[in-house]
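Those letters in the sequence shown? Residues 29 to 303, per the working numbering, in order. Since the structure comes first, as structure tokens, the remarks are kept for the end.
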Amino acid sequence: MLCALLAACRGAPVHEVRSEYSHIKVVDYGSQRALLFVDEAGKADVIQTLIDLKQPERLQHLYARAMMAGLLYPAETKSILLIGLGGGALAHFLNAYFPEVSLDVVELDPAVVKVARDYFGTAENARTRIFVGDGRDFLQRAAGRYDLILLDAHLHPGAETDRTGHPLSLQTQAFYRSLHERLQPGGAALFNLIARGEERAYIASICRAFAATELLWTPARGNVIVVAMPGPMPDDATLHARARALDGRGDYGFSFVELLDSRKPACGIRGQDNN
């Protein structure tokens with residue numbers, strides 16, 4: 029809801045560029061900087077990234093905070109793959125609060141990578157690598173495995189996406205198999221879906237591909253995060269113990285324990301084999 033309100037407000041234009049994939053705008057709303065994708069009619073769509081320039085490591089998007097619940101599912105998270113960079117809010121958060129974690133980021137649009145670097149301060153470092161390319165192709169070529177794979181890839185709706193802009197190439201059983209192959213034992217994949225009623229078929233396809241799934245709803249319910257694991261899912265007591273441990277490490281601007289309050293079964297009984 030915050031981002032929808034901001035998109036309707038008059039901000040200060042900072043930068044604008046058209047790429048092969050998107051019409052991109054960067055707009056400032058006070059200390060907050062937003063990356064927007066503009067539709068063909070010239071109206072701003074939902075804000076893709078929102079960062080507070082004074083505290084870029086603090087997540088502003090409710091869905092982005094929910095995505096970080098993924099850290100609770102593996103027994104230990106040493107490596108993360110993020111498909112879809114946007115302005116780099118998730119990268120800022122992980123670099124600041126979990127500098128020991130190795131982060132690979134794959135972004136389809138080179139213009140987005142440039143905008144993220146030039147206007148959001150998102151760049152490679154000793155623990156973070158940014159690749160330009162298709163996430164599906166990257167998974168097929170990659171040799172390593174990850175404890176956590178985060179899918180935050182959206183395009184303007186078109187022939188290659190569903191009605192909400194989720195790429196169809198990332199919704200196939202072949203793609204889900206590649207996620208299995210790139211996950212460490214006990215690893216998890218998280219999908220950020222725009223929840224406008226059309227997400228049910230997408231969720232059902234994930235359920236068919238993974239042994240255990242559940243949903244994390246954002247408070248405004250504009251997004252739903254699907255947590256998917258090839259193997260058994262940690263039980264409630266384990267997840268809450270891990271959440272309390274992370275909350276004890278510091279102040280992130282949100283509570284990991286509270287993130288777990290929004291959990292719902294994705295398909296059937298939580299944690300039950302859905303294949």
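Using N, Cα and C, we set each Cβ at its ideal position, and we do this for glycine too. It should be emphasised that the depicted structure is a prediction, and the values quoted were computed from it without experimental measurement.
| Considering only C-alpha positions, which residue in the set R249, P41, P258 and M257 is nearest to R224? | R249
| field | Contacting residues, own chain, Cβ-Cβ under 8 angstroms from K82 (five flanking each side not counted) | value | S59
| Neighbourhood of L221 by C-beta distance below 8 angstroms, restricted to the same chain and skipping five residues each side | T192, H194, E227, Y230, I231, N251, V252, I253 and V254
| query | Since D264 is in the beta strand (DSSP E), which residue starts that stretch and which ends it? | reply | Here D264 belongs to no beta strand (DSSP E); instead the alpha helix (DSSP H) covers D264 to R277.
| Supposed contact pair A117 and A151 - C-beta distance, whole angstroms, cut 8 angstroms | Contact doesn't hold; Cβ gap of about 14 angstroms is too wide.
| query | Where does I297 land, buried or exposed, given buried means 16+ other C-beta within 10 angstroms? | reply | With a pLDDT of 44 at I297, under the threshold of 50, the predicted position of this residue should be treated as unreliable, though the coordinate-derived value follows. I297 should be labelled exposed.
| Around the C-beta of M240, are 16 or more other C-beta atoms found within 10 angstroms, so that it is buried, or is it exposed? | In the sequence as presented, Met is not what sits at residue 240; that position holds Ala. A240 comes out buried.
| field | Start-to-end residues for the alpha helix (DSSP H) that takes in M95 | value | L90 to M95
| said: Nearest by alpha-carbon distance to F219: which of I177, P247 and S107 is it? | reply: Of the listed residues, the one whose Cα sits closest to F219 is I177.
| task | Specify whether the segment 252-271 and the segment 206-218 touch according to this definition: at least 3 beta carbon pairs, one from each stretch, less than 8 angstroms apart. | result | yes
| message | Suppose the cutoff is 6 angstroms on Cβ atoms and the five residues either side in sequence are ignored; what does the same chain contact list for L99 look like? | response | T105
| field | Complete alpha helix (DSSP H) runs within the segment 136-185 (minimum length 4 residues, chain order) | value | 138-148 and 163-169
| field | Nearest-angstrom beta carbon gap, D175 and P102 [assumed within contact, 8 angstroms] | value | 4 angstroms
| task | Please determine, among Q168, H43, V129 and D56, the residue with the shortest C-alpha to C-alpha distance to A139. | result | Minimum Cα distance to A139 is reached at H43.
| request: Round the Cβ separation of V143 and I75 to the nearest angstrom and send it over; I've been treating them as touching at under 8 angstroms. | output: In fact, because the Cβ distance is near 14 angstroms, the residues do not count as touching under 8 angstroms.
| query | In three-state DSSP terms, what is V129? | reply | coil
| Going straight from the alpha carbon of S50 to that of V285, what length do you get? | 37 angstroms
| query | For the alpha helix (DSSP H) that contains Y101, what are its first and last residues? | reply | Premise fails: Y101 is in no alpha helix (DSSP H) and is neither H nor E.
| Residue range of the unbroken beta strand (DSSP E) whose run includes F282 | Counting along the chain, F282 falls outside any beta strand (DSSP E), and DSSP gives it neither H nor E.
| query | Nearest CA to the CA of R173: which residue from D165, E209, Y204 and F203? | reply | E209
| Would you report the Cα separation of L274 and R164, rounded to the nearest angstrom? | Linking L274 to R164 through their CA atoms gives a straight-line distance of about 31 angstroms.
| message | Quick check: A94 and L78, are their CB atoms within less than 9 angstroms of each other? | response | no
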